[in-house]
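In what follows, a single structure is set out as structure tokens and then discussed.
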Amino acid sequence: MQATDLMDTTTSENEEEGREQLPERVPTHVAIIMDGNGRWAKQRGLPRLAGHRAGTENLREILRACVEFGIRILTIYAFSTENWGRPEAEVKGLMNILKDVIDRELAELHAEGVQLRHIGDLSRIDPELQRKVLDAIELTKNNNRLILNVAFNYGGRAEIVHAIREIVRNGHKPEEIDEALVSHYMYTGDLPDPDLIVRTSGELRLSNFLIWQGAYAEYYFAPVYWPDFNKEELRKAIIHYSQRERRFGLVK
Ligand code: IPE
Ligand code: IPE
Ligand code: MG
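Going by my numbering, the residue at position 179 of the sequence shown is 179; the numbering climbs one at a time, nothing skipped.
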């Protein structure tokens, strides 16, 4: 599919049907904390890694639903800076899963006009996997149907430290430093802040995700584990979002 399809107004019957049930106000940028893979597996008597694998199977459906619903940017939290502290076999397994997902899905993501990006620190990742990620980013850089930002070895505090270091390294004067400049130095750089942050599995915390960018996001906590999060669950999140009144500190 061509990037110009973004502007295409013709839709299939299925898409029409999907839109009908959608509110008018849809978030531009949705970010998801994909949590609960381990518990999903445990519930089924499976090893945790089986849960992580299952948590890649629903990605296609979610990406398609984003395009259909009119979401332009999706950021997914796949591996945190704190997740290095998990057992070695699990960390290794998660690295392999990222590699396999790229191998398995890249061609189709590209064909569907998805622009892949990464946020976080790639330098601690195995060089071969780094190469794979960078090649995928390069291949898809001109796509504009959906921006998929993958937070991998990402931590909100590490991101802020990284931004401060870059600001100092580039010799900015104190007077030049304002919120716009700091935002520019975040990994999300030129992207708008997330409008909606979803966390699956029922946990009510951010776990170091987008702590700068999420200052005025709306939050939605889905009760299901990530592998069970599907198009209908995403629709529910968007409906909740559409019913919120975003005030940004002002009075109506
Ligand atoms: C989220 O699932 C995926 C990662 C953190 C990599 P978890 O592995 O945190 O699953 P739970 O929270 O233990 O169920
Ligand atoms: C957050 O989930 C990280 C990802 C989803 C990648 P965690 O499962 O690591 O967070 P905590 O430990 O419950 O706070
Ligand atoms: Mg978890």
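Where a beta carbon is used, it is the ideal one built from N, C-alpha and C, also for glycine. Keep in mind the model is a prediction, meaning the values are calculated, not measured.
- Between the alpha carbons of Ile167 and Tyr185 lies a gap of roughly 7 Å.
- Contact between the stretch 236-250 and the stretch 145-158 is absent: fewer than 3 CB-CB pairs across the two stretches fall below 8 Å.
- Nearest in C-alpha terms to Leu206, of all of Arg60, Arg157, Ala65 and Ile125, is Arg157.
- Three or more beta-carbon pairs separated by less than 8 Å are not found between the stretch 167-180 and the stretch 34-54, which leaves the two stretches without contact.
- Of the heavy atoms belonging to ligand 2, at least one sits nearer than 6 Å to the Cβ of Tyr77.
- Tyr216 is positioned such that its CB atom lies no closer than 7 Å to that of Ile119.
- Looking at the DSSP output, Gln115 sits in a beta bridge with Ile147.
- Closest by C-alpha distance to Val114, out of Glu105, Asn83 and Gly189, is Glu105.
- Short of 7 Å from the beta carbon of Arg86, and not among the five residues preceding or following it, lies no beta carbon of its own chain.
- Taking non-hydrogen atoms of ligand 2 into account, the C-beta of Asp35 is found less than 6 Å away from one of them.
- Within the same chain, Cβ atoms closer than 7 Å to the Cβ of Ser80 are found at Tyr154, Gly155, Ser207 and Asn208, the five residues on either side in sequence being excluded.
- Going by C-alpha positions, Asp35 is about 16 Å away from Leu74.
- Between Val198 and Tyr220, the C-beta spacing is below 7 Å.
- Put simply, of Ala65, Asp228 and Arg39 the residue whose alpha carbon is nearest the alpha carbon of Gln21 is Ala65.
- Distances from the CA of Arg145 to each of Glu128, His110, Asp178 and Leu139 were compared; the closest alpha carbon is that of His110.
- With a contact defined as Cβ atoms closer than 8 Å, Pro27 and Asp195 qualify at about 4 Å.
- In the DSSP assignment, Leu196 falls within the beta strand (DSSP E) that extends over Leu196 to Arg199.
- Burial check for Glu159: the Cβ neighbour count within 10 Å reaches 16 or more, so the residue is buried.
- By the neighbour-count definition (other C-beta atoms within 10 Å, threshold 16), Val67 is a buried residue.
- In the displayed model, Tyr225 falls within coil according to three-state DSSP, outside both helix and strand.
- Contact between Leu116 and Ala136 holds: CB atoms are separated by about 5 Å, below the 8 Å threshold.
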